[in-house]
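> If you're matching positions, the sequence shown starts at 0 in numbering that gives the first Met the number 0 and goes up one per residue. The structure is given below, and queries will be raised subsequently.
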Amino acid sequence: MKKFIFLFLTCFSHFVLSQNLVPNYSFEEYSTCPNFINQFYKLQYWYNPTTASPDYFNSCSNPSLVGVPNNFFGIQNAYSGNGYIGLGIYSGNVSNYREYVQVELIEPLEVNKKYKVSYFVNLADTFKIASSEISALITINSFYVDTNINLNFIPQITNEVIITDKINWVKITGSYLANGGEKFLTLGNFNNDFNTQIVYIGDSIISPNFEAYYYIDDVYVGLDSTVNINTEAPSKKEEITLYPNPANENVFIKTENSKPAEMFVYNMQGCLMLRQRFTKNTNINLQDWPAGVYYVKIVSENGIFVRKFAKEE
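Laid out in structure tokens, this is it:
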């Protein structure tokens with residue numbers, strides 16, 4: 000009994016430290032289902048701080064102009080859940096045009112505490128420009144600016160590398176040492192056109208839109224966790240396949256790498272559910288596990304690799 004209580008308290012403490020301060024972080028909650036572009040206002044908790052027009056996508060949409068995975072701008076599953084948003088990061092047609100989204104955090108940041116900030120992005124299929132500067136700004140106060148061009152702020156988190164991936168979700172992450180009292184998060188490109196790196200990709204038929212437009216999902220702001228559940232995609236050195244997903248009784252994990260490795264499985268609260276040696280073909284028996292989302296963390300000579308799966312009822 001003592002061991003059980005200790006494990007419970009450990010997991011509970013970790014959950015508190017790792018709490019995501021972003022409400023509606025995966026864009027599931029809405030007032031009414033969106034049915035056309037420019038209906039970001041239907042999303043709960045988030046709002047538009049300028050006159051530009053970010054978009055909200057959800058699988059509830061019918062017809063699927065702003066659906067998930069099929070929508071007006073391409074085909075992309077949500078990183079998690081049923082919804083995501085879309086932002087214009089750079090325009091080849093309108094000088095310095097930018098779209099932003101803003102949210103009030105659940106509680107203010109604490110002075111001299113280090114926070115992790117992360118979010119996942121994916122370049123929409125029908126856009127022929129890829130860019131850098133998909134950034135995060137943390138502020139004490141909210142703001143509204145009557146403009147549709149870049150805002151003159153210096154973000155704390157940004158990607159200096161151009162993201163061209165139209166298939167996989169790419170994680171942008173960074174750390175922020177709080178001054179104390181910060182309570183608002185704004186996402187977008189705060190640079191002007193001259194200071195934004197871009198490349199042209201795709202052809203005019205598959206990618207007719209002359210902009211850089213990104214889907215965004217799973218936004219996170221929280222204290223650094225005692226357990227590092229890194230959700231970046233595995234490198235090409237070690238491709239890992241996990242199936243079925245979602246699973247019921249068993250989940251199977253395969254890799255072509257035969258080098259020694261160790262596997263850890265965590266639940267959403269960061270509690271360690273399983274630790275064992277990882278081989279090329281590994282099976283996890285889920286029959287006694289509660290339904291929910293789990294992270295598989297594999298540590299090998301090639302690095303640390305993470306996959307996520309869901310256990311059904």
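Note that beta-carbon positions come from the ideal geometry of N, C-alpha and C, so glycine has one too.
Mark Tyr199 as exposed unless 16 or more other C-beta atoms lie within 10 angstroms of its C-beta, in which case mark it buried.
Tyr199 should be labelled exposed.
> Do Arg97 and Asn188 count as a contact pair if the criterion is CB distance below 8 Å?
yes
> Cys59: which of Lys41, Tyr46 and Ser52 sits nearest, CA to CA?
Lys41
> Label Thr195 either buried or exposed according to how many other C-beta atoms from any shown protein chain fall within 10 Å of its C-beta, with 16 as the threshold for buried.
buried
> Tell me whether Tyr89 is buried or exposed, calling it buried when 16 or more other Cβ atoms sit within 10 Å of its Cβ.
By the beta-carbon neighbour count (other beta carbons within 10 angstroms, threshold 16), Tyr89 is buried.
> I'd like to confirm the pairing. Which residues does DSSP put opposite Gln18 in its beta bridges?
The partner list for Gln18 (beta bridge, DSSP) is empty, contrary to what the question assumes.
> Once DSSP output is grouped into helix, strand and coil, what is the label at Phe152?
coil
> Comparing C-alpha positions only, which one of Asn249, Ile239, Glu311 and Ala309 sits nearest to Lys279?
Ranking Asn249, Ile239, Glu311 and Ala309 by Cα distance to Lys279 puts Ile239 first.
> Could you spell out where the beta strand (DSSP E) holding Asp54 opens and where it closes?
Asp54 to Asn57
> So Ala260 is in the beta strand (DSSP E); what residue range does that whole segment cover?
Taken as a continuous stretch (DSSP letters only), the beta strand (DSSP E) holding Ala260 covers Ala260 to Asn266.
> For Phe39, name the three-state secondary structure that DSSP assigns.
helix
> Quick check on Phe35: buried or exposed, where buried means 16 or more other Cβ atoms within 10 Å of its Cβ?
With fewer than 16 other Cβ atoms within 10 Å, it is exposed.
> Please state whether the Cβ-Cβ distance between Tyr175 and Val100 is less than 8 Å.
no
> Helix, strand or coil for Asp192 per DSSP?
helix
> Taking DSSP as the reference, what is the three-state secondary structure of Trp45?
Look at Trp45 here: in three-state DSSP terms it is strand.
> May I ask you to list the residues that DSSP assigns as paired with Thr185?
Gln101 and Leu136
> For Val110, which residues of its own chain have a beta-carbon under 7 Å away from its beta-carbon, when the five flanking residues on both sides are left out?
Ala177, Asn178 and Gly179
> Just to confirm my understanding: we take Ser79, look at its own chain, exclude 5 residues before and 5 after, and list those with CB closer than 8 Å. What are they?
Contacts found: Ser25, Asp216, Asp217, Val292 and Lys307.
> Between the segment 240-250 and the segment 130-148, do at least 3 Cβ pairs fall closer than 8 Å?
no
> By Cβ distance below 7 Å, which residues in the same chain neighbour Ser94 in space, the five residues on each side in sequence not counted?
Asp192
> Find out if the Cβ-Cβ distance for the pair Gly221, Asn81 is shorter than 8 Å.
no
> Hey, would you say Phe209 sits closer than 8 Å to Asn92, going by beta carbons?
yes
> Just to confirm the assignment, what range does the beta strand (DSSP E) spanning Tyr199 have?
Counting along the chain, the beta strand (DSSP E) containing Tyr199 begins and ends at Ile197 to Tyr199.
> Are Ala123 and Tyr212 touching if we call contact CB-CB under 8 Å?
yes
> Indicate the three-state DSSP secondary structure (helix, strand or coil) for Phe142 in the structure shown.
coil
> When you compare only the Cα positions, how much space is there between Ile84 and Tyr55?
5 Å
> Going by DSSP, what residue range makes up the beta strand (DSSP E) through Tyr110?
For the sequence presented, residue 110 should be read as Val rather than Tyr. Careful: Val110 lies outside any beta strand (DSSP E) and carries neither H nor E.
> Quick check on the burial criterion: 16 or more other C-beta atoms within 10 angstroms. Buried or exposed for Glu312?
exposed
> Can you list, in chain order, the residues of its chain whose CB lies under 8 Å from that of Leu273, leaving out five sequence neighbours each side?
Apart from the 5 residues on each side of it in sequence, Leu273 sits with its Cβ closer than 8 Å to the Cβ of Met262, Phe263, Val264 and Ile283 in its chain, given in chain order.
> Ignore the nearest five residues each way along the sequence and tell me which others in Trp288's own chain have a CB closer than 8 Å to its CB.
Met272 and Lys310
> For the beta strand (DSSP E) holding Ile166, just list the boundary residues, first then last.
It is not in any beta strand (DSSP E) - Ile166 carries neither H nor E in the DSSP assignment.
> Indicate the three-state DSSP secondary structure (helix, strand or coil) for Val298 in the structure shown.
strand
> Give me the Cα-Cα distance between Asn301 and Thr31, rounded to the nearest whole angstrom.
46 Å
> Counting only the same chain and skipping the five closest in sequence on each side, list residues whose C-beta sits under 7 Å from that of Glu159.
Answer for Glu159: Ser131, listed in chain order.
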